[in-house]
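Shown next, in structure tokens, is the structure this report addresses.
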Amino acid sequence: MDNSTHNGPERLVQYLDGELQGSDKEKMEQQLAVDAFLKQQYESLLLTRESVHYFGLKEKVAGLHSQMMKELATPVVKLKPARRMLRYVASVAAAILLVAGLFFAYTFFTLSSDKVYSANYKRFELSTTRDGGVGETASEKAYRAGNYKEVVRIHDADEDHTPKGEFLCGVAALELNDNGKAIKCFNEVLDANKNTTEKILNDEAEYYLSLSYIRNKEYDKALSLINKIKDDKEHVYHEKVSVKLLRQVKMLTWR
Amino acid sequence: MEVIRNFPDSELVENLKSGQRMDESIKAIYRSHFESLCWYVMNNSGSRQDAEDIFQEVVVNFIDMVQKDKFRGESTIKTFLFSLNRYTWLNELKRRGRAMVREEKYERGQERVEMDTSHFIDDREGRSEVLRIVGELGETCRKILLLFYYENMSMKEILDVTDYETEQVVRNKKYKCLKQLEQMIMEKPFLKETLKNLLHG
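Structure representation (structure tokens):
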């Protein structure tokens, strides 16, 4: 140290305490930058001050600690091993329930009539005729050609009101996104079959009518038909009605 | 009657940093977190007394970290305290030579999270020694140093709460006490590392 640091330790403590100002402070900082011994002394003081700070903090917390221990004196229950195991099992079960709940919530909120309809609708296919279509009606020909507007036009022009004509009108209306028309046509098929022994396309009409109701958001009517199909093992579409479809329509009724 | 209140994490951290409403903030930490952290220790081979001691140590270290900007709010205070508590308790168990293998395995899984803070609270014995040495300082010296360096009181304020005649006398006394403590610490070179860790993290 040079002469400027006469009374060095005191000056250093003043610097530590933030009591040096202006040129005195600058001078000390310059000395610290070049004087390794002085710097070492300063660091030693910093560590000493740190020890006081840590002790003070410890004292502060200790003072409040005993006070808080009295306030929080309620005993904490120590779990026995069996209870601990039970707790782990309960935690796992809760986690599974949570995941299941989240999955259910996701399914519930993302479910829509269109989704259910699309997942279960498949265009009705007319059976192939051996005569190359010679004996087919105009509705059948138009349907086979995918000309759904023509199928509906023929129906509406009173040219084909047979159960098959009504049925094809219903499916064509579904293809044209005309739910109301489809519902009307399929109901015509069911009405026509009511008083006959030979039920023409009855099962098919019931299934497609249920899908029409789903897309038209008439879930109660759809559910009634779906349950009927599910309960009837002889029904042509019995296998098509899955538990999943039933569950989804039920969920749609809750919304 | 004391008003009991909880602070949001950000306000609590701000209070601890600035030293404002310190008592209220520390009490809020106890009220919000003691029970769950105590539960952890007591259900991992510890007694109620162990849990209390560990919690006190955790709170001291947490506040110290906050005041040195080592807690940056990347996790909640609750998560951070839980991590400190677990680390400190496992450390204590190891010191006692009966650490549980299961907990060690669990601890390894948490290694990444805790490595960030472990260096700060390692060397518990060194810290105890620091406290012991400051405690060994005469009562008058300890009081003056604490008032000045911990409570941040001015010489004039210290003069008001002590029996000294002038500020200069207080200043001289404080200087002597600081040098005395410095000497006591420097007689134990290993404490330099402990204090460096405390100071710089």
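Protein chains in written order, with my numbering: chain S, 1 to 255; chain F, 256 to 456. By construction, the Cβ of each residue, glycine as well, lies at the ideal position given by its N, Cα and C atoms. No experiment lies behind these values; they were computed from the predicted model shown.
* Asked: Where does K58 of chain S land, buried or exposed, given buried means 16+ other C-beta within 10 angstroms?
  -> With a 10 Å radius around the Cβ and a threshold of 16 neighbouring Cβ atoms, K58 of chain S comes out buried.
* Asked: For the alpha helix (DSSP H) that K333 of chain F lies in, which residues bound it at each end?
  -> Taken as a continuous stretch (DSSP letters only), the alpha helix (DSSP H) holding K333 of chain F covers I332 to R351.
* To do: Go through its chain and collect everything with a Cβ distance to L126 of chain S's Cβ below 7 Å, but skip five positions before and after it.
  => Only E140, Y143 and R144 meet the Cβ criterion.
* alpha helix (DSSP H) runs wholly inside the region 26-99 of chain S, at least 4 long, in chain order -> Runs found: 36-71.
* To do: Look up L126 of chain S in the DSSP assignment and say whether it is helix, strand or coil.
  => Looking at L126 of chain S - three-state DSSP - the assignment turns out to be coil, as it is neither helix nor strand.
* In terms of residue numbering, what span does the alpha helix (DSSP H) encompassing P444 of chain F cover? -> Neither: P444 of chain F is in no alpha helix (DSSP H) and is coded neither H nor E.
* Asked: What residues from chain S crowd round F289 of chain F, counting only those whose CB sits closer than 8 Å?
  -> The answer, in chain order, is M68 and L72.
* Asked: Which residues mark the beginning and the end of the alpha helix (DSSP H) in which K228 of chain S is found?
  -> Y219 to D231 is the extent of the alpha helix (DSSP H) around K228 of chain S.
* Asked: Since A222 of chain S and Y213 of chain S are thought to touch, with beta carbons under 8 Å apart, how far apart are those beta carbons, to the nearest angstrom?
  -> Taking C-beta atoms under 8 Å as the contact rule, A222 of chain S and Y213 of chain S qualify, at a distance of about 4 Å.
* Quick one: using the 10 Å Cβ neighbour count with 16 as the cut-off for buried, is L267 of chain F buried or exposed? => Buried is the call here.
* Closest Cβ-Cβ distance between M441 of chain F and chain S: below 9 Å? -> So, interface residue.
* Is it right to say F55 of chain S is buried, meaning 16 or more other beta carbons lie within 10 angstroms of its own, or is it exposed? -> When all chains shown are included, F55 of chain S counts as buried.
* To do: Output the boundary residues of the alpha helix (DSSP H) element that contains G170 of chain S.
  => According to the DSSP assignment, G170 of chain S belongs to the alpha helix (DSSP H) that extends over P163 to E175.
* Cβ-based burial, K60 of chain S [other Cβ within 10 Å; buried from 16] -> The residue in question, K60 of chain S, is buried, as its Cβ has 16 or more Cβ neighbours within 10 Å.
* Since I believe Q311 of chain F is in contact with L271 of chain F (beta carbons under 8 Å), could you give me their beta-carbon distance rounded to a whole number of angstroms? => The C-beta distance from L271 of chain F to Q311 of chain F rounds to 15 Å, too long to fall under 8 Å, and the pair is not in contact.
* Asked: Among S:N179, S:E26, S:Q67 and S:H238, which one has its Cα closest to the Cα of L259 of chain S?
  -> The requested residue 259 of chain S is not part of the displayed model; chain S covers only 1 to 255.
* Asked: Of all the CB atoms in chain F, is at least one closer than 9 Å to the CB of K39 of chain S?
  -> No, its Cβ sits nowhere closer than 9 Å to a Cβ of chain F.
* Please compile the residues from chain F whose C-beta is within a distance smaller than 9 Å of the C-beta of K60 of chain S. => Ordered by position in chain F, the residues that pass the 9 Å Cβ test against K60 of chain S are M277, D278, I281, V315, I318 and Y405.
* Asked: Going straight from the alpha carbon of W294 of chain F to that of L246 of chain S, what length do you get?
  -> Note on geometry: alpha-carbon atoms of W294 of chain F and L246 of chain S lie some 47 Å from one another.
* May I ask you to report which of helix, strand or coil DSSP gives I200 of chain S? => Residue state, collapsed to three classes: coil.
* So what does DSSP say about M220 of chain F, is it helix, strand or coil? -> Limits of chain F in this structure are 256 at one end and 456 at the other, which puts residue 220 of chain F out of reach.
* List the whole-angstrom C-beta distance separating V13 of chain S from L433 of chain F, where the pair is believed to meet the contact cut-off of C-beta under 8 Å. => Between L433 of chain F and V13 of chain S the Cβ distance is about 6 Å, and since that is below 8 Å, they are a contact.
* Asked: Would you report the Cα separation of V89 of chain S and V99 of chain S, rounded to the nearest angstrom?
  -> Spanning the two alpha carbons is a distance of roughly 15 Å.
* Asked: Measuring CB to CB, does L450 of chain F end up less than 9 Å from E26 of chain S?
  -> 9 Å or more divides the Cβ of L450 of chain F from the Cβ of E26 of chain S.
* Among F:Y419, F:L453 and F:E347, which residue has its Cα nearest to the Cα of R382 of chain F? -> Selected option, being the one with the closest Cα: F:L453.
* V424 of chain F at chain S interface by Cβ criterion, 9 Å -> By this cut-off, V424 of chain F is not an interface position.
* To do: Determine whether the Cβ of V389 of chain F lies closer than 9 Å to any Cβ atom of chain S.
  => The C-beta of V389 of chain F comes closer than 9 Å to at least one C-beta of chain S.
* To do: Using only alpha-carbon positions, find the residue among S:L190, S:K240, S:K244 and S:A33 that is nearest to P163 of chain S.
  => Check the Cα spacing between P163 of chain S and each of S:L190, S:K240, S:K244 and S:A33: the tightest is with S:L190.
* In three-state terms, what does DSSP make of T110 of chain S? -> T110 of chain S sits in a helix when the DSSP states are folded into three classes.
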